[in-house]
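Working notes, beginning with the structure itself.
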Amino acid sequence: MSEIDSKTPETEVKSKPRFKRINFRKLRNILLIILLVMTSAGASSYVTVLMIKYGPNSSLATINQTYNVTDSDNVVDIVKQVSKSVVNISTKTTTYGWWGQPQIAEGAGTGIIIRSDGYILTNNHVINGADKITITTNQEITLSATVVTTDSSKDLAVLKVSPSSPLTAVKIGNSDNVQVGEEVIAVGNVLGQFTDSVTKGIVSGLGRPIVASGSNLYGDLEQLSDLIQTDAAINSGNSGGPLVNMSGEVIGVNTAVSGNGQNIGFAVPINHATDLTKSLK
Numbered sequence: 001m002s003e004i005d006s007k008t009p010e011t012e013v014k015s016k017p018r019f020k021r022i023n024f025r026k027l028r029n030i031l032l033i034i035l036l037v038m039t040s041a042g043a044s045s046y047v048t049v050l051m052i053k054y055g056p057n058s059s060l061a062t063i064n065q066t067y068n069v070t071d072s073d074n075v076v077d078i079v080k081q082v083s084k085s086v087v088n089i090s091t092k093t094t095t096y097g098w099w100g101q102p103q104i105a106e107g108a109g110t111g112i113i114i115r116s117d118g119y120i121l122t123n124n125h126v127i128n129g130a131d132k133i134t135i136t137t138n139q140e141i142t143l144s145a146t147v148v149t150t151d152s153s154k155d156l157a158v159l160k161v162s163p164s165s166p167l168t169a170v171k172i173g174n175s176d177n178v179q180v181g182e183e184v185i186a187v188g189n190v191l192g193q194f195t196d197s198v199t200k201g202i203v204s205g206l207g208r209p210i211v212a213s214g215s216n217l218y219g220d221l222e223q224l225s226d227l228i229q230t231d232a233a234i235n236s237g238n239s240g241g242p243l244v245n246m247s248g249e250v251i252g253v254n255t256a257v258s259g260n261g262q263n264i265g266f267a268v269p270i271n272h273a274t275d276l277t278k279s280l281k
């Protein structure tokens, strides 16, 4: 599969208006995060983490732990099968700078083919506000995508493409059966460049609540609950990608990573997508 370079050089600001225009949304998010940090020790069980959509201003949490995934035939077979159902997502979004001038921001994430006729599951924050969404399949087929439905409270979205031939849909597991300690595999479009990147780890915890923010405070703060915690390495660009059990079934959708510690990633349980997918035509 070809690599996708989602890095966008920052637009040079040449205009110099007399009065500086305040970005109240960004200022609000900065103040909210400061408040969360000050109060989280004694007043909240939520962990503040970072959404992992990749864009030109994304920050990357360094994770030192590595796994050798080539020493298990089972893992290799799982990856070969699951990768057929994983797509890269590229977005273009019109944003406005401090002076009010329009800029085109590019981002990247990952998606999961859930139906062969072109339905794709991903994170809501990957495509939220995007003017243009493009997906690239494992077979290097590029298609335009439209948003079918979203659920921001669960950070999930369903996209639709129109393939010329059936796509390979992933096997869906039951996240209610997930147990702490079981092995899992994460697949995604790391940094928007390294497609089909694979990491392996275990389920570290269940039912985790978090407060998530976009990279560099440009996104809205979101409270998410009942998440799967994993130590499988998850980085920018992995958003929307599958967390898979050792039966090759998707049990979660990778969504966030903690920048305050190593090997702390979070995924939305796949059962949370039921309400979104059951109404698809």
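Counting in my numbering, the final residue of the sequence shown is number 281, and the numbers go up one at a time with none missing. Even glycine gets a Cβ: it sits at the ideal position worked out from N, Cα and C. Only a predicted model underlies this, so the values are computations on that prediction, with no experimental measurement involved.
Span separating the alpha-carbon of residue i from that of residue j
| i | j | result |
| --- | --- | --- |
| ASP176 | THR277 | 17 Å |
| ILE89 | ALA105 | 14 Å |
| GLU183 | ASP151 | 28 Å |
| VAL198 | THR149 | 28 Å |
| SER225 | ASP117 | 31 Å |
| VAL126 | ASP73 | 32 Å |
| LEU36 | ILE210 | A caution first: LEU36 carries a pLDDT of 48, below 50, which makes its placement in the model unreliable, though a value can still be read off. So the two alpha carbons sit approximately 11 Å from each other. |
| VAL82 | LEU206 | 23 Å |
| ALA256 | SER164 | 33 Å |
| ILE135 | GLY100 | 30 Å |
| GLN139 | LYS84 | 8 Å |
| GLN258 | GLY237 | The question names Gln, but residue 258 in the sequence shown is Ser. Near 15 Å, if we compare the C-alpha coordinates of GLY237 and SER258. |
| ASN235 | TRP98 | 28 Å |
| ASN260 | ASN254 | 18 Å |
| GLY107 | ASN128 | 11 Å |
| SER162 | LYS281 | 14 Å |
| VAL75 | PRO102 | 45 Å |
| PRO166 | LYS80 | 18 Å |
| ARG115 | GLY252 | 16 Å |
| VAL180 | MET246 | 14 Å |
Residue i, DSSP secondary structure in three states
| i | result |
| --- | --- |
| VAL147 | strand |
| LYS92 | strand |
| LEU156 | strand |
| LYS84 | coil |
| VAL170 | coil |
| THR48 | Confidence in THR48 is poor, its pLDDT being 46 and thus under 50, which makes the residue's placement unreliable; the coordinate value appears in the next sentence. Residue state, collapsed to three classes: strand. |
| ASN68 | Residue confidence for ASN68 is low, a pLDDT of 45 falling below 50, so the modelled location carries little weight; the figure read from the coordinates is stated next. ASN68 falls in the coil class under three-state DSSP. |
| LEU73 | In the sequence as presented, Leu is not what sits at residue 73; that position holds Asp. Helix, per DSSP. |
| ILE210 | strand |
| VAL190 | strand |
| LEU280 | coil |
| ALA273 | helix |
| LEU36 | A caution first: LEU36 carries a pLDDT of 48, below 50, which makes its placement in the model unreliable, though a value can still be read off. In the structure shown, LEU36 sits in a helix (DSSP, three-state: H, G or I). |
| LEU177 | Per the sequence presented here, residue 177 reads as Asn, with Leu not at that position. In the structure shown, ASN177 sits in a helix (DSSP, three-state: H, G or I). |
Whether residue i touches residue j by CB criterion (7 Å)
| i | j | result |
| --- | --- | --- |
| ASP131 | THR95 | no |
| VAL244 | ILE185 | yes |
| ASN124 | LEU156 | yes |
| VAL170 | VAL250 | yes |
| LYS239 | GLY111 | With the sequence shown as reference, residue 239 is identified as Ser, and Lys is not the correct amino acid for it. Taking 7 Å as the Cβ cut-off, SER239 and GLY111 do not qualify as a contacting pair. |
| GLY293 | GLY241 | Not covered by the structure: residue 293. The range shown for the chain is 1 to 281. |
| ALA273 | LEU121 | yes |
| GLU222 | ALA233 | no |
| ILE113 | GLY248 | no |
| ILE133 | THR168 | no |
| THR146 | VAL87 | no |
Residues that DSSP places opposite residue i in a beta bridge
| i | result |
| --- | --- |
| ILE185 | LYS200, VAL244 |
| VAL250 | ILE172, VAL244 |
| GLN230 | Checking the displayed sequence, the identity of residue 230 turns out to be Thr instead of Gln. Per DSSP, VAL203, GLY265. |
| GLN285 | Outside the shown range of the chain (1 to 281) lies residue 285, about which nothing can therefore be said. |
| ALA105 | THR93 |
| GLY111 | VAL87 |
| ILE133 | THR91, ALA145 |
| GLN223 | VAL211 |
| ILE120 | ILE113, LEU159 |
Stretch pair the stretch 228 to 242 + the stretch 259 to 271: three plus CB contacts closer than 8 Å: yes
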